[in-house]
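182 is the number that numbering that gives the first Met the number 0 gives to position 183 of the sequence shown; each next residue is one higher, with no gaps. Reading through the structure tokens given below for one structure.
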Amino acid sequence: MNFFSLIAPFYDCFMAALHKKQGKVLLARLAPLSHRKVLDLGGGTGKLANQLEKAGANVWLLDSSTAMLKRTRRLLPSNRAVLGDAASLPFAENSFDVVMIVDALHHFRKQEIVLEEALRVLRPGGTLAILDFNRKNAAVKVLSILEQVMLEPALMLTAEQLEKLLAQIGFIKIETEIISAYQYLSLSTKP
Ligand SMILES: C[S@@+](CC[C@H](N)C(=O)[O-])C[C@H]1O[C@@H](n2cnc3c(N)ncnc32)[C@H](O)[C@@H]1O
Numbered sequence: 000m001n002f003f004s005l006i007a008p009f010y011d012c013f014m015a016a017l018h019k020k021q022g023k024v025l026l027a028r029l030a031p032l033s034h035r036k037v038l039d040l041g042g043g044t045g046k047l048a049n050q051l052e053k054a055g056a057n058v059w060l061l062d063s064s065t066a067m068l069k070r071t072r073r074l075l076p077s078n079r080a081v082l083g084d085a086a087s088l089p090f091a092e093n094s095f096d097v098v099m100i101v102d103a104l105h106h107f108r109k110q111e112i113v114l115e116e117a118l119r120v121l122r123p124g125g126t127l128a129i130l131d132f133n134r135k136n137a138a139v140k141v142l143s144i145l146e147q148v149m150l151e152p153a154l155m156l157t158a159e160q161l162e163k164l165l166a167q168i169g170f171i172k173i174e175t176e177i178i179s180a181y182q183y184l185s186l187s188t189k190p
């Protein structure tokens, strides 16, 4: 049993306040969302995907945990809640207006490959939104140790490390916004 199978039944409860804040930021920065095709990578139980759907987006969510997806399927049509690995996406190139990765990049063991896949499936001019924990923060360092104890990769990056990686992979117009003491939002564009 992996980490997310274990915590799936309680996940939405202990993330409720954070999801509310994160949703507000994403809705503001990604507007207008009406009729836009969004892919939520490592989207978990679908709480944020659901907020974007309510704003008019059509969201596909991909996650590697059956237990998390079981909950997602209450919020999204089942053909748009996909079991899979973010490092090998079952979608054609240039398919999405937005790819978002929230609190998930640091859980991906193959971060570079996932970001290359995000670039492939985005349409030219499409937006990659990454919201994650900032390695510079002391509390995030503690979180990273706790996650490693649970055998998670805990590959938190600093905003500068992520910007460098995105540029290497080919994203342009990379902008980072520090949204709290421990989290940042990175927005970048496929050329
Ligand atoms: C902390 S949760 C974040 C969920 C959601 N984005 C949110 O903000 O509530 C991280 C998610 O990443 C998923 N995940 C980890 N590795 C993955 C991979 N290689 N491919 C797809 N999903 C993955 C986990 O199953 C988990 O649901």
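Each residue gets a CB set at the ideal place from its N, CA and C atoms; glycine is no exception. All values derive from a computational prediction rather than experimental measurement.
| Asked | Found |
| --- | --- |
| Which residue marks the beginning of the beta strand (DSSP E) containing A27, and which one marks its end? | Looking at the DSSP string, A27 is not in any beta strand (DSSP E); the run it does join, the alpha helix (DSSP H), is 2-29. |
| Quick check for students: name the residue ranges of the alpha helix (DSSP H) that lie wholly in the stretch 34-63, counting only runs of 4 or more. | 46-53 |
| Determine the direct distance from the alpha carbon of E115 to that of G55, and round the result to whole angstroms. | 27 Å |
| In whole angstroms, what separates the C-alpha of K36 from that of A153? | 29 Å |
| Considering only heavy atoms of ligand 1, does any lie closer than 6 Å to the CB of S87? | no |
| Rounded to the nearest angstrom, what separates A7 and E159 at their Cα positions? | 31 Å |
| Just how far apart, CA to CA, sit A66 and K172? | 36 Å |
| Return the first residue and the last residue of the alpha helix (DSSP H) that I112 is part of. | 110-120 |
| Checking 7 Å against the spacing of the C-beta atoms, do I112 and A91 come in under that value? | no |
| Check whether the Cβ of G42 lies closer than 6 Å to any heavy atom of ligand 1, and answer yes or no. | yes |
| Return the chain-ordered list of same chain residues with a C-beta closer than 8 Å to the C-beta of L164, the five sequence neighbours on each side being excluded. | Q110, E111, L114, L156 |
| Below 7 Å CB to CB, which residues in the same chain sit around F3 once its five sequence neighbours on both sides are set aside? | S64, A66, M67 |
| Between which two residues does the alpha helix (DSSP H) containing E162 stretch? | 158-168 |
| Verify the contact flag: S179, CB atom, against every heavy atom of ligand 1, threshold strictly below 6 Å. | no |
| Helix, strand or coil, according to DSSP, for A80 in the structure here? | strand |
| By the 10 Å Cβ neighbour count, where 16 or more other Cβ atoms means buried, how is S33 classified, buried or exposed? | exposed |
| Ends of the alpha helix (DSSP H) at A142? | Going by the sequence as given, residue 142 is Leu instead of Ala. Per DSSP, L142 belongs to the alpha helix (DSSP H) from 137-148. |
| Measuring alpha carbon to alpha carbon, tell me which residue in M99, R28, A15 is nearest V120. | M99 |
| Could you tell me how far apart the beta carbons of L40 and A103 are, in whole angstroms, since I believe they sit closer than 8 Å? | 6 Å |
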